[in-house]
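**Student:** Sharing a structure below in structure tokens format, with a few things to ask.
There are 2 protein chains.
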Amino acid sequence: MAKKNRKTCDVPDATIHRLPLYLEKLKMLQAIGVEDVSSRQLAESLDIKASQLRHDFHYFGGFSRPGRPYQVTKLVPALEKIIGISVPQPTAIIGAGHLGQALANYQNLDLQGFPVKGIFDTNPKLIGLEMRGQPVQDMDDLEAVIQREGIKIAILTVPATQAQVVADRLVAAGVIGIFNFAPTDLKVPEGVAVRNERLAVGIMSLSFKVKCILQAQEGEDAQAEEL
Amino acid sequence: MAKKNRKTCDVPDATIHRLPLYLEKLKMLQAIGVEDVSSRQLAESLDIKASQLRHDFHYFGGFSRPGRPYQVTKLVPALEKIIGISVPQPTAIIGAGHLGQALANYQNLDLQGFPVKGIFDTNPKLIGLEMRGQPVQDMDDLEAVIQREGIKIAILTVPATQAQVVADRLVAAGVIGIFNFAPTDLKVPEGVAVRNERLAVGIMSLSFKVKCILQAQEGEDAQAEEL
DNA sequence: TAGATTGTTAATCGATTAACAATC
DNA sequence: TAGATTGTTAATCGATTAACAATC
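Chains as they are written, first to last, in our numbering: chain A, 1 to 227; chain B, 1 to 227.
Now the structure itself:
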């Protein structure tokens, strides 16, 4: 049994990150009534190789049979099960500043299987404020709500200075997945997953590429002048 | 000349994504007055291998000499130059909804070399609203401001339905780097860099790992019961 | 000198891509 | 049957890690 579990979880990160993209595209196909899709078609629309897609699916197996294309209506729930959203995952947002509000109001979060079941802040001016029907609650109630709602996933949008303290409370209350938007690294025990969303990394790597594009253009211009 | 440019730009994405992390850590060291740092120390604090750090630096070269550790005060500006933020990069935010406001109010953006020089929206209720001293401007003024301020990098926080149209306008106005928060793929011409920030990918890959952790725990429990 | 360090190349590891038998 | 498709393994490619000479 333990072996079988390992099988579906011992998957490269690169593959895991593509699963949501597969699901998104398949849902779009489903919405417009497409029934069958081949690995070639699906891969092409995602700008990847068909063999990569089949290789990814092979980690889980049994999506189709040799010779037959994938059935959209079978693949969607299969991927949802693999990702862990067959059943909606109640989610908490900690920190109701601008970013927390942006995420709380982000409708797709619900639609994609992560209903927000608690929004928390320490600021009395924010407590009570409603977002998509949810009032911002006092941080004092954090543990009670997490346990009552069975929340396993939390989105952390507090200032960097408070991130570790809040993370510790989340873990103690039973959260095992933290989506961290604070620009700081979190120390968590084994058996807790953290995903850091670093705005700075994104914009700086973009800046690097912009600089390279500009340099390339200058190079071309210089060459043109030489002629 | 063209060859030399290629040299500093033909760098793996994995390395590019680590540059901001190196810079961030080095700035922290600088702030507390540390003068020298070895690849081993720096790598350890970032939880990577020292050889990887040296290998990354080797793409650019000349940060130290064999036998001598890195000098923090030299490395910081060197990395800033490589990333392209020796000179502040004026940045625009398109879409002043919650997410746009969150980013506009995010002080670190300025501090890290990306001063916001324009915030835009079509909503009359938002136009004129001030964020960190910047008023939200009408989308009609987009092109004029981009050209006047020499903006090359834009952050896109508009609804998915409008993302492509706005991206086209940005590119036409001279933007060559788009940080896209809209959950949709953008088509841009050669010579324009796009970085997609997909909330859904982040939370779903987290969900996958949470599911695996839960399964592993169940597995352990089952085993414990068997004994 | 002895110990520590970098720059640089070689070895290892892992992810992507290609190939193809089995199947429809 | 012929053409298209998947599942699966092998080949290729690229990134990480180790090793070590040169240097301080």
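Note that beta-carbon positions come from the ideal geometry of N, C-alpha and C, so glycine has one too.
Under the rule that 16 or more other beta-carbon atoms within 10 Å means buried, what is Ser51 (chain A), buried or exposed?
**Tutor:** exposed
**Student:** Name the residue from B:Asp121, B:Leu21 and B:Pro88 whose alpha carbon lies nearest to the alpha carbon of Val48 (chain B).
**Tutor:** This sequence places Ile at residue 48 (chain B); Val is not what is there. The residue with the shortest Cα to Cα distance from Ile48 (chain B) is B:Leu21.
**Student:** Round the Cβ separation of Gly95 (chain B) and Leu156 (chain B) to the nearest angstrom and send it over; I've been treating them as touching at under 8 Å.
**Tutor:** The C-beta distance from Gly95 (chain B) to Leu156 (chain B) rounds to 7 Å, short enough to meet the 8 Å contact threshold.
**Student:** Nearest to Ile146 (chain B) by CA position, among B:Val166, B:Leu26 and B:Met131, is which residue?
**Tutor:** B:Val166
**Student:** Thinking just about the alpha-carbon of each residue, which of B:Ile153, B:Pro159 and B:Lys81 is nearest to the one in Leu99 (chain B)?
**Tutor:** B:Pro159
**Student:** Is there a Cβ from chain B that is less than 8 Å from the Cβ of Met230 (chain A)?
**Tutor:** As displayed, chain A neither begins before 1 nor continues past 227, which places residue 230 (chain A) out of reach and without an answer.
**Student:** Any C-beta of chain B within less than 7 Å: which residues of the region 163-179 of chain A qualify?
**Tutor:** Residues of the region 163-179 of chain A that bring their beta carbon within less than 7 Å of a beta carbon in chain B comprise Ile176, Gly177 and Phe179, in sequence order.
**Student:** Using a Cβ-Cβ distance cut-off of 8 Å, determine whether Met139 (chain A) contacts chain B.
**Tutor:** no
**Student:** Of all the CB atoms in chain A, is at least one closer than 8 Å to the CB of Phe208 (chain B)?
**Tutor:** For Phe208 (chain B), the answer is yes, since a Cβ of chain A falls inside 8 Å of its Cβ.
**Student:** What does the alpha-carbon distance come out to for the pair Pro40 (chain A) and Pro77 (chain A)?
**Tutor:** Reading the sequence as shown, one finds Arg at residue 40 (chain A) and not Pro. Going by the C-alpha atoms only, they are around 20 Å apart.
**Student:** With DSSP as the reference, label Arg6 (chain A) as helix, strand or coil.
**Tutor:** Residue confidence is low: Arg6 (chain A) scores 45 on pLDDT, short of 50, so the model does not pin down where it sits. Its coordinate-derived value is still stated next. It is helical.
**Student:** Three or more C-beta pairs under 8 Å: does that hold for the region 108-120 of chain B against the region 170-189 of chain B?
**Tutor:** no
**Student:** Which full runs of the alpha helix (DSSP H) of 4+ residues lie inside the region 12-50 of chain B, going along the chain?
**Tutor:** 13-31 and 39-46
**Student:** Which residues of chain B have a Cβ atom closer than 8 Å to the Cβ of Pro20 (chain A), listed in chain order?
**Tutor:** Correct list: Arg198, Ala200, Val201, Met204 and Ser205.
**Student:** Taking the C-alpha atoms as reference points, what is the distance between Leu93 (chain A) and Arg198 (chain B)?
**Tutor:** Leu is not the amino acid found at residue 93 (chain A); the sequence shown has Ile there. Rounded to whole angstroms, Ile93 (chain A) to Arg198 (chain B) spans 17 Å at the Cα level.
**Student:** Decide yes or no for the touch test of the region 79-89 of chain B against the region 196-211 of chain A: beta carbon pairs closer than 8 Å, at least 3 of them.
**Tutor:** yes
**Student:** Would you list, in chain order, the members of the region 96-118 of chain A that have their beta-carbon closer than 8 Å to a beta-carbon of chain B?
**Tutor:** Gly97, His98, Leu99, Gln101, Ala102, Leu103, Asn105, Tyr106, Asn108, Leu109, Gln112, Gly113 and Phe114
**Student:** Is it buried or exposed, Ile203 (chain A), if we count other Cβ atoms within 10 angstroms and call 16 or more buried?
**Tutor:** buried
**Student:** What are the residues of the region 140-162 of chain B that lie near chain A, defined by any Cβ-Cβ distance shorter than 7 Å?
**Tutor:** Lys152 and Ile153
**Student:** Looking at C-alpha atoms only, which residue of A:Ala216, A:Gln215, A:Gln223 and A:Ala200 is the closest neighbour of His17 (chain B)?
**Tutor:** Taking only the C-alpha atoms, the option nearest His17 (chain B) is A:Ala200.
**Student:** CB Glu44 (chain B) to CB Gln71 (chain B), shorter than 8 Å?
**Tutor:** no
**Student:** Ignore the nearest five residues each way along the sequence and tell me which others in Phe60 (chain A)'s own chain have a CB closer than 7 Å to its CB.
**Tutor:** Thr8 and Ile82
**Student:** How far does the alpha helix (DSSP H) with Ala144 (chain B) in it extend, from its first residue to its last?
**Tutor:** In the DSSP assignment, Ala144 (chain B) falls within the unbroken alpha helix (DSSP H) covering Leu142 to Glu149.
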